[in-house]
Every structure is written in structure tokens, then in C-alpha cells.
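Using our numbering, read the sequence shown as starting at 454 and increasing by one per residue.
Heads up, the beta-carbon is just placed ideally off N, CA and C, and yes, glycines get one too.
It should be emphasised that the depicted structure is a prediction, and the values quoted were computed from it without experimental measurement.
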Amino acid sequence: MSARLAVAAGVVIALGPSTSPSTAAPGAAPAPARDGASQRTLASGKGHVVRVEHRDPATAPTRGPANALVSIEYFFVPQVNAARTLNAYRALERLQAKHPARIRVTYRILKGAQIQLPIVALEAHAHGKFFELMESLHVTRQSSVLNKDGVFELARGIGLDSSRLAAAISEGRYTDAFAANGRRLERLGASSPGMLFNSKVVRPTTEAEYEREYELAYKRALDLVDLGFDPRDLQQAFDEQLRRAEAPYVVSSGPTDDETEGEPTEPRLATPPLDLAGLPSFGKPDVRAPTPIVVLCRPNDIDCGALLGKVRKQVQDIYADDVRAVWAPWFDVTREDAAELTLLGDAALCAEQVGSSPEDLSASPGWRWITKQLDASKRQHGRRIPPDKLIDSVANELDIDIQRLSACRARMASTTLDWVARARRSGVTRSPAIVIGGRIYEGLTEESLIHRLIEVELAPGVLGDHIESQFDRLLFFLASPRDARK
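Below, the structure written as C-alpha cells:
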């Protein structure tokens with residue numbers, strides 16, 4: 454039996470004869486899906502039993518079998534009058550009903566500017582009432598805005614408990630789920646409301662376009678099945694396909710501290726690798742072995758502050774579980790202000806040792822220092838400020854013990870110059886520079902390029918991760934001539 458026939462047979466067996474959300478008629482409230490759900494039985498009075506469905510709130514609402522070859526993700530903010538504002542919901546419902554064994558729709562709820570309705574949606578999902586809620590949201594109303602009383606009335610109408618809902622709202626029960634959905638949306642370059650067909654952003658508007666996108670996604674899935682992929686692993690495979698896209702071509706640009714001849718055609722690999730011990734950093738403290746994104750620049754350069762802000766956004770909003778940002782001093786040591794830059798760099802490195810981060814555990818003490826120092830430099834509007842005055846100002850603002858800081862600066866005098874020398878030996882020749890995946894990108898400041906480079910470097914194997922045999926086959930498939938795949 455071929456791989457495709459085996460998969461088709463498995464899907465049919467998995468579906469079985471029972472009715473599920475995959476086979477529910479459009480416009481009708483589907484029967485609750487059983488994957489990921491459990492049934493709790495509660496006694497309610499003598500001889501009377503009530504069955505209350507409960508789902509893991511960490512999961513997303515879905516419609517269709519888990520081993521479907523086409524995975525559709527629909528990102529949206531729940532709204533009233535959804536028939537007008539969320540046209541894709543009904544279109545996807547019809548498409549899935551047309552191909553119930555081949556399509557699984559996952560509903561990725563976003564919060565947006567809404568405060569309560571998105572929480573109602575995930576609370577409804579936790580009780581097996583998500584599709585009932587969506588039907589209620591499709592009812593035409595005079596107003597497109599619901600106040601708090603209206604939201605709770607809507608929730609009670611589908612059988613949700615008001616006290617539990619109030620607790621979910623007050624304690625931010627689904628904050629992590631909203632954040633994860635938002636990060637995935639941004640990583641894959643989609644917008645809300647938006648959808649992915651097997652991890653590819655699509656924007657169909659007509660029934661014919663929906664059908665065409667489905668057929669293309671189905672063909673891509675069959676290609677991977679022929680390579681031996683398990684249908685349940687296809688979404689991960691398609692995600693890695695996108696990450697393994699060719700890295701963008703990056704050339705050095707913008708103001709630099711050093712001009713060199715004979716520019717390389719591609720970014721250098723830092724050799725030997727940069728030693729990042731003791732450098733200021735930003736990232737979740739509980740992440741194991743995060744990938745470092747290193748920004749090298751002058752400790753008083755206002756453009757450096759803007760670049761750190763862009764990299765911090767990537768870490769905080771999109772790659773919180775994968776990367777951390779690191780700042781390192783770098784400048785041309787022949788500059789007339791090199792001595793001042795050395796003092797400022799040493800201060801930041803000492804702040805990493807003697808400072809604290811009481812407000813934001815993601816920001817190391819040195820990271821808090823360098824961002825404050827760069828902000829203070831920006832406020833000077835180009836006016837030169839003595840380094841000791843700037844250091845005292847930042848120390849007072851961050852409530853750092855001046856005596857401990859001074860003792861550290863005396864002990865670590867010129868450590869910045871030593872670090873710059875080592876970075877130059879590793880291949881860094883100018884500022885600003887960013888090191889991603891060990892490669893040095895000099896003059897890179899465009900946020901979209903930084904985002905794409907991080908995506909490429911996070912792909913399995915690029916950073917030395919173990920590549921499973923299935924991904925080896927995927928690489929072979931992606932590298933093969935297009936005609937050979939047909």
C-alpha cells in the first residue's frame with residue numbers, strides 16, 4: 454500500500470461513524486470534539502447526573518481530525534456582528550465541511566483592543582461551548598460594541614458561569630495563550646484577521662480562491678507524506694520549510710566606525726566565537742540555552758539605542774522562548790574620544806556585576822544601565838557630556854551604589870578595550886554590528902531583515918541542533934529540482 458493510501462485509510466478510520474465538528478452542517482452548532490477533552494461527571498440531586506465537558510485551556514479550539522493533511526490556522530479577535538466582520542469564519546466552515554477528512558481548522562484567538570470577548574471565547578472553549586459562542590456572535594445586533602453587562606449576558610446565554618468568567622478576566626487566565634498566538638502570527642508575517650494553510654500565509658476572498666489554496670496545501674502535504682512524514686508532524690515540517698528559506702542578502706550600510714577594503718560577499722563567521730560572559734543581556738531568565746543575538750556598538754551612540762530597541766522587540770514580542778539579546782562595546786580605538794568610550798563601556802560592564810534588576814527580571818543590570826546611558830546620550834542632542842557626569846547621572850537614576858561601582862571600574866579599567874580587541878580578532882571591523890547565529894552583519898539596522906535572519910538561524914541544524922531523519926529528507930526535497938517533484 455502506498456504512503457498516500459495508508460494515510461487516507463488512517464484518516465477514515467480515525468474519523469469513524471460518529472458525528473464531530475468536522476462533519477457538522479454549516480451554521481449549526483457542532484457536536485463537541487473529543488480530542489484533548491475530558492468528561493467530568495457531577496451529581497446534581499438524587500438520581501440526576503449532569504455531564505460537564507472540560508477542555509485544557511492551553512489548547513486551541515479546533516474543527517477536524519488531528520491527522521488531517523491540511524492544517525488551517527485562523528487568527529482573529531472575537532467580535533459581535535461577526536457575519537460582517539469575520540467573513541472568513543463561515544468560508545472556512547464551509548471549506549472544512551466540504552473536505553472533513555482532509556482539513557483541520559485551528560482557531561487562534563487574539564486579544565487586540567478587546568478586553569473581555571477574547572477571554573469569553575477561550576473560557577467557552579474550556580467548557581466545550583466555543584462554537585455555540587461563535588453562533589451567538591454571528592447574530593445581527595444594532596450595536597457593534599458590548600459593554601461589560603452585555604458580555605456577561607452573552608456568556609450566560611451559552612451556559613457559562615459568571616463567577617468563573619469574572620475570575621478569568623480579573624486574573625488574566627489566558628494571557629499566555631493570547632501572547633503565543635500573537636507571536637506566531639507575527640513570526641509568520643500574517644496580520645489579523647488572517648489565516649495560514651499549512652503554515653503559508655494566504656488571503657483568499659472567493660470560494661474558488663479558498664478551494665485553490667486548499668488544493669495547493671493538500672498537494673504540498675502529499676509531497677511530504679511521500680517522503681515518509683507522519684501527518685501529525687506536518688505542521689512542524691511546514692514551519693521548518695519557511696525557516697529554511699534562503700537567508701536574505703545583507704550588505705553593509707549606514708554610518709560605521711571603520712572602513713575596510715575588499716568587503717566579503719557574505720557575512721563573516723565570528724572566529725573564534727565571541728565570549729559573551731559578563732555582558733549585559735535581555736531575555737527570559739528561565740529559558741534554557743537561548744540563542745544570543747549580539748549587538749556591538751558605541752556606548753554613547755543614539756543609533757545604538759534604536760538598534761537595541763529593535764532587537765529587544767524581537768526578543769520580547771516574538772522570540773521570548775528562543776533568543777536573548779546581548780550588548781557588547783565596540784568602536785574604532787583610534788577615535789579621538791576612545792578614552793571616553795572606554796570609561797562608558799567599563800561602567801556598563803561593571804553595572805552588570807554590581808547592579809540589580811528589581812523591576813524587570815528579563816533585563817540584566819548591565820542591560821538596564823546601557824539602555825539608560827544611551828537614552829541620556831540621546832537627550833543631549835549631539836552635545837558632548839563628560840563621561841563621569843553621565844555615569845553619575847545613570848547611577849543615581851538606577852540607584853546603584855557609587856562606591857561599589859567606582860571600585861569595580863578601578864578593578865576593571867580598560868576591560869572594554871580588551872573586549873574590543875578580541876572582537877576584532879573574531880572578525881568584527883565596524884560599528885554597529887549584529888551577530889546572529891555566529892555570523893557578523895555589519896551596518897544592519899533594518900528590523901525586517903533582522904527578523905528574517907533570526908528565523909533562518911533558528912531552523913534545526915543551522916545552530917548545531919540535531920537534525921532528525923525526517924528533516925534530512927525535507928532538506929533533500931527542498932534542494933531537489935522543482936520538475937523532479939512533479
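Under the rule that 16 or more other beta-carbon atoms within 10 Å means buried, what is residue i, buried or exposed?
i	result
S817	buried
P726	exposed
K601	exposed
R751	buried
K564	buried
N540	exposed
A577	buried
T724	exposed
N849	exposed
L814	exposed
A643	buried
G625	exposed
Q767	buried
I568	exposed
E895	buried
Q856	exposed
S809	exposed
Could you give the distance in angstroms between the alpha-carbon of residue i and the alpha-carbon of residue j?
i	j	result
W780	P839	22 Å
I903	R594	44 Å
G819	Q806	8 Å
Q833	R543	56 Å
V776	A619	35 Å
Y627	R637	16 Å
G647	P518	22 Å
E910	L641	15 Å
L760	I889	14 Å
R557	V678	17 Å
A886	R875	15 Å
V533	H591	7 Å
D676	A554	18 Å
S884	E639	29 Å
R878	T515	53 Å
L570	R561	14 Å
R862	E793	13 Å
P657	Q688	20 Å
R685	F529	24 Å
N520	Q694	19 Å
K653	R673	11 Å
Q549	S616	35 Å
A869	A791	First, the amino acid is wrong: residue 869 is Thr here, not Ala. If you take the alpha carbons of T869 and A791, they lie about 10 Å apart.
T787	T795	12 Å
P708	C757	Residue placement at P708 is poorly supported in this model, since its pLDDT is 45, which falls under 50; the coordinates are not used for a value here.
Leaving aside the five residues before and after residue i along the sequence, list all residues of the same chain whose C-beta is less than 7 Å from its C-beta, in chain order.
i	result
M865	D799, L802 and C803
V847	W822, K825, Q826 and A829
G891	L722, A723 and P726
G635	L563
L763	Correcting the residue identity first, residue 763 is Lys in this sequence and not Leu. Counting only Cβ-Cβ distances below 7 Å, and skipping sequence neighbours, we find E900 and I903.
A513	T559, Y560 and R561
Within the same chain, show all residues whose beta-carbon is closer than 6 Å to that of residue i, passing over the 5 residues directly before and after it, in chain order.
i	result
A670	V523, F650 and N651
A773	K737
F631	K564
D871	none
L797	P752, N753 and P840
S859	none
Considering residue i, what are the terminal residues of the alpha helix (DSSP H) in which it resides?
i	result
E899	Premise fails: E899 is in no alpha helix (DSSP H) and is neither H nor E.
I572	L570 to A579
L638	T628 to R640
R765	I755 to K766
R554	First, the residue type needs correcting, since residue 554 is Ala and not Arg in the sequence shown. Segment: none, A554 is in no alpha helix (DSSP H) and carries neither H nor E.
I823	P818 to K831
S809	Taken as a continuous stretch (DSSP letters only), S809 belongs to no alpha helix (DSSP H), as it is neither H nor E.
I771	Unbroken run through I771: none, as it is neither H nor E.
F583	F583 to L590
S879	T868 to S879
Could you name the residues of the same chain whose beta carbon sits closer than 8 Å to that of residue i, not counting the 5 residues immediately before and after it, in chain order?
i	result
V740	A773, D774, D775 and R777
V573	P531, L586, V604, L607, A608, L613 and L618
L545	I525, Y527, V558, M648 and Y663
For residue i, which beta-bridge partners are listed by DSSP?
i	result
E526	T559 and L649
Y974	The requested residue 974 is not part of the displayed model; the chain covers only 454 to 939.
P733	Beta-bridge pairing links P733 to no other residue.
V776	T744
P782	C750
R609	BP columns for R609 are empty, so no partner.
T515	T559
L722	R892
At a threshold of 8 Å, does residue i count as lining the ligand NAP (C-beta to nearest heavy atom)?
i	result
S879	Inclusion of the ligand NAP in the displayed structure is not the case, the ligand content being empty and no account of it being possible.
First and last residue of the beta strand (DSSP E) that includes residue i?
i	result
P839	No beta strand (DSSP E) contains P839, which DSSP labels as neither H nor E.
Determine, for residue i, whether the minimum Cβ-Cβ distance to residues of chain D falls below 9 Å.
i	result
P839	Absent from the structure: chain D. Only one protein chain is present.
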